[in-house]
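As given, the protein sequences belong to chains A and B, one line each in that order. Its first residue numbered 1, the first sequence is counted upward by one per residue in my numbering. Its first residue numbered 1001, the second sequence is counted upward by one per residue in my numbering. All C-beta atoms, glycine included, are put in the ideal place defined by N, C-alpha and C. Values in this document were obtained by computation on a predicted structure and should not be read as measured data. Before any comments, here is the structure.
There are 2 protein chains.
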Amino acid sequence: MKALEEKILKEGQVRPGHILKVDGFLNHQIDIDFINEIGKEFYRLFGNKPVTKILTVEASGIGIACITAQYFHVPVVFAKKAQSLNLDGSLYTAKVQSYTHNRVYDVILSKKFLKPEDHVLIIDDFLANGCAVNGLLDIIEAAGASVEGVGIVIEKGFQSGGRDIRARGIDVKSLAIIKSMSDDSIEFVEQES
Amino acid sequence: MKALEEKILKEGQVRPGHILKVDGFLNHQIDIDFINEIGKEFYRLFGNKPVTKILTVEASGIGIACITAQYFHVPVVFAKKAQSLNLDGSLYTAKVQSYTHNRVYDVILSKKFLKPEDHVLIIDDFLANGCAVNGLLDIIEAAGASVEGVGIVIEKGFQSGGRDIRARGIDVKSLAIIKSMSDDSIEFVEQES
């Protein structure tokens, strides 16, 4: 998605440890009009699938998933990162290694919100080593639901997550794939539009 | 908001400790078409104010804030609950007591996303003892920005948060205010429409 690549080049900042800061429009401040363009693009890419639910994980995936879900007219369900007094009943859990937080945490989803008849589109802001998406895929598998695809805003193509998940036959589409990045340049993998 | 009261009566579940579960449409699964009606209502209530930014706190406020922001055409900024490797630079912090998680945590906001010239609308899912909103108000004050109002989906009117914040002259509007609730009934405070 050309507009996204341009926005990353203009506003993104590369930090040590392969961190790309895009907190001005994606995951701290959210540029809603721009995220709407991202939502439309996900609908263009996955709108032909029989999606019944969009699944993401708190926190930075939620806004993108909600804006995207408007085009699909389906509910969003987000996996939570910590056990809350407010979550009871049967839960799906999966372990996720956070790259940016440098720790392992549990993600939790109430069983009542994912059923075998559901067709699920996963939406998230970043895909790097793939741990968050793999945790969500584990939950979908435990529920006996179907995976229709994975829509990612920015994939770090130099880490193995996207390659590994595609190798399992899952339809992963990333709106921008970073081939390499350094202090003074960011290069993208060319994609068919 | 009549449709919201009806939805709470139909889908809400009262749990011990004054907990109202509305996780089927508001804060775990999100009914996007319904949240759009909520966003339109917030715009009806606050659309005459010179709002430049919508502020919320992760995680359950994000979806509602993003959908609402579409009507205002302003960015969302969400305060984060934990220090991340991905947050650097100057930060505003405030302490928040979580009722549902039963602990105190820090919320953090990058200084670059809130400036003295900003006019801020706070949006959140619940208002009970008011700690989350008070933390956000502290951050707005520290930034020297203006508070244009606080839009809440569900206020627990039997707890003191809403009363205390209104007493400070802040324009708090809650789409449903619960007067009392028990296992078998939920009563609302009547509001002008």
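{"Item": "I think B/Ile1062 touches A/Ala59, with their Cβ atoms under 8 Å apart; what is that distance to the nearest whole Å?", "Value": "6 Å"}
{"Item": "If you count every other CB in all the chains shown that lies within 10 Å of the CB of B/Asn1048, and 16 or more means buried, which is it?", "Value": "exposed"}
{"Item": "So A/Pro116 contacts chain B; which residues on that side make the cut at Cβ distance below 8 Å?", "Value": "Within 8 Å Cβ-Cβ: nothing; A/Pro116 doesn't reach chain B, min ~17 Å."}
{"Item": "For B/Ala1145 and B/Leu1121, I'd like the C-alpha separation in whole angstroms.", "Value": "11 Å"}
{"Item": "Is DSSP giving B/Ser1060 helix, strand or coil here?", "Value": "helix"}
{"Item": "Can you give the Cα-Cα distance for A/Gly17 and A/Ser160, rounded to whole angstroms?", "Value": "15 Å"}
{"Item": "Assuming A/Val107 and A/Ala94 make a contact with CB atoms under 8 Å, what is their CB distance in whole Å?", "Value": "5 Å"}
{"Item": "How would you write the range of the beta strand (DSSP E) that B/Val1118 sits in, first residue to last?", "Value": "Val is not the amino acid found at residue 1118 of chain B; the sequence shown has Asp there. Counting along the chain, B/Asp1118 falls outside any beta strand (DSSP E), and DSSP gives it neither H nor E."}
{"Item": "CB-CB under 7 Å to B/Ile1035, same chain, minus the five flanking residues each way: which ones, in chain order?", "Value": "Gly1063, Ile1064 and Ile1067"}
{"Item": "Looking at A/Ile152: is its Cβ nearer than 9 Å to the Cβ of A/Asp125?", "Value": "yes"}
{"Item": "Which whole runs of the alpha helix (DSSP H) in the region 160 to 188 of chain A are 4 residues long or more, in chain order?", "Value": "161 to 167"}
{"Item": "So, with DSSP's three-state summary, where would you put B/Leu1109?", "Value": "strand"}
{"Item": "Taking only beta-carbon atoms, is A/Glu197 less than 9 Å away from chain B?", "Value": "Because residue 197 of chain A is not part of the residues shown, which for chain A are 1 to 193, the question remains open."}
{"Item": "So what does B/Glu1155 bridge to, in DSSP terms?", "Value": "B/Leu1127 and B/Ile1177"}
{"Item": "Quick check on DSSP: helix, strand or coil for B/Gly1039?", "Value": "helix"}
{"Item": "Take B/Ile1140 and list the residues in its own chain whose beta-carbon comes closer than 6 Å to its own, dropping the five residues that flank it on each side.", "Value": "Val1120 and Val1147"}
{"Item": "Which residues, in chain order, does the region 31 to 45 of chain A contribute to contact with chain B at a C-beta distance below 8 Å?", "Value": "Asp31, Ile32, Asp33, Ile35 and Asn36"}
{"Item": "Within the 9 Å Cβ cut-off, does B/Gln1029 reach chain A?", "Value": "yes"}
{"Item": "Check the Cβ of B/Cys1066 against every Cβ in chain A and list those closer than 9 Å, keeping chain order.", "Value": "Ile30, Ile32, Ile35, Ile62, Gly63, Ile64, Cys66 and Ile67"}
{"Item": "Taking the alpha carbon of A/Ser98 as the reference point, which residue from A/Ile186, A/Gln70 and A/Asn129 has its own alpha carbon closest?", "Value": "A/Asn129"}
{"Item": "Any Cβ of chain A within less than 9 Å of the Cβ of B/Leu1121?", "Value": "no"}
{"Item": "Looking at the secondary structure, which residues open and close the beta strand (DSSP E) in which B/Leu1020 lies?", "Value": "Ile1019 to Lys1021"}
{"Item": "The beta strand (DSSP E) spanning A/Lys80 covers which residue range?", "Value": "That residue, A/Lys80, is in no beta strand (DSSP E); it is neither H nor E in DSSP."}
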